[in-house]
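Each residue of the sequence shown is one higher than the one before, starting from 897 at the first, in the working numbering.
Don't be surprised by glycine CBs; every beta carbon is placed ideally from N, CA and C.
Remember, it's a predicted structure, so these values are computed and weren't measured experimentally.
In what follows, a single structure is set out as structure tokens and then discussed.
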Amino acid sequence: MIAVLIGIAFLGQVFSIFTAFELRFKITSEVLPIADENMQRYLSDETVKYNWDWMQRDLRCCGDRNYETGFQSWNSILNGDVPDSCCHNEDVGCGKGKLSRQSNRQILENLGIWKDGCLDILINKMKNDVVPMLMVYSGVGALIGLVELITMVLGFAYVAQISRRERRNKHMTDRTRPAYGNEEEYLPSLTSKETNF
């Protein structure tokens, strides 16, 4: 039973290693997800609003793509405003009118908001932080999988050895039991004229 459970764990380990390699490939493939459709629901869906606000606060970013100009992606959605979570010092209403002031270059530099797009920062963090961890996870997972495989094989070999020993002991017990009669009657007689051929 233990060997079967370890076999199931081994299959799960192989699947998790495969998933880690697949995730690593997706992160390094340079394909950025499209966030426009998600951003369009910022005002109508509280979950989307919470997720964008949390990500913008945590990553110190604003909008979806591009460094230095990522905040401009909110212009078509919030009509000249950015979410308050884009502000350096977040207060209620601090993002109002920030995009309508960007005609003057000096004012643009002092908007008091994060300017880099969140997806670019997120992809960069994933490449620098997550990909190395996935490689370590895959290596450790392969070692654990190898130990599980060896343990499973040894478990099945041990069960096979126990089965052989039990069959041998049963066979030996059956031969020495008197209930089977006289063993000599199954052997060829030395005094008879019968041959073994």
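Checklist entry - According to the neighbour-count rule (16 or more other Cβ atoms, all chains shown, within 10 Å of its Cβ), is L1007 buried or exposed? => result buried
Checklist entry - Which residues in the same chain have their Cβ closer than 7 Å to the Cβ of C983, if we skip the five residues on either side of it in sequence? => result C990, G991, G1008 and I1009
Checklist entry - When the Cα atoms are used, what is the spatial distance from L901 to L907? => result 10 Å
Checklist entry - Would DSSP call C983 helix, strand or coil? => result strand
Item to check | Own chain, CB closer than 8 Å to S996, minus 5 neighbours either side, in chain order | outcome: G976
Next on the checklist: Quick check: what's the CA-CA separation for I1017 versus F967?
Outcome noted: 13 Å
Checklist entry - Are the beta-carbon atoms belonging to A916 and R961 less than 9 Å from one another? => result no
Checklist entry - From the DSSP output, which residues share a beta bridge with I1009? => result C983
Checklist entry - Is the beta carbon of R953 sitting closer than 9 Å to the one on S981? => result yes
Item to check | Where W950 falls, given that 16 or more other Cβ within 10 Å makes a residue buried | outcome: exposed
Checklist entry - First and last residue of the alpha helix (DSSP H) that includes E933? => result D932 to Q936
Checklist entry - Given L955, which residues of its chain have a CB within under 6 Å of its CB, disregarding the five upstream and five downstream residues? => result C1014 and I1017
Item to check | Residue closest to T965, alpha-carbon to alpha-carbon, out of E1062, K994, W948 and V1027 | outcome: K994
Checklist entry - Count the other CB atoms within 10 Å of the CB of I898; is the residue buried (16 or more) or exposed (fewer)? => result exposed
Next on the checklist: Here's the rule: buried if 16 or more other CB atoms are within 10 angstroms of the residue's CB, otherwise exposed. What is S969?
Outcome noted: buried
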